[in-house]
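Numbering (our numbering), first residue to last: 3 to 85.
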């Protein structure tokens, strides 16, 4: 349970909106908080990027196991690495 102190103006607004919507003040506040909280729920890295993972393909199937070698080859081709 939560107890709030509201300005008389805000309380009157809540009362008027609840009355016009045909719901209780508690229900209005509950629904408002649910909507507010849902906008600010943090997503994990997977949820944020799942639409992008695997979207672009390089055609190479060994990137996860040979990334170091591939990177060194790219540097060697650009003359950044003299090894």
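We put the CB at the ideal spot given by N, CA and C, even for glycine.
Since we're looking at a predicted model, the values are computed, not measured.
- The closest CA to that of residue 8, considering only 58, 31 and 56, is found on 31.
- The three-state secondary structure of residue 59, taken from DSSP, is coil.
- Residue 7 sits in coil when the DSSP states are folded into three classes, being neither helix nor strand.
- When the beta-carbon positions are compared, residue 11 and residue 20 stay at least 9 Å from each other.
- Inclusion of residue 33 and residue 25 in the CB contact set at 9 Å is warranted, their separation being smaller than that value.
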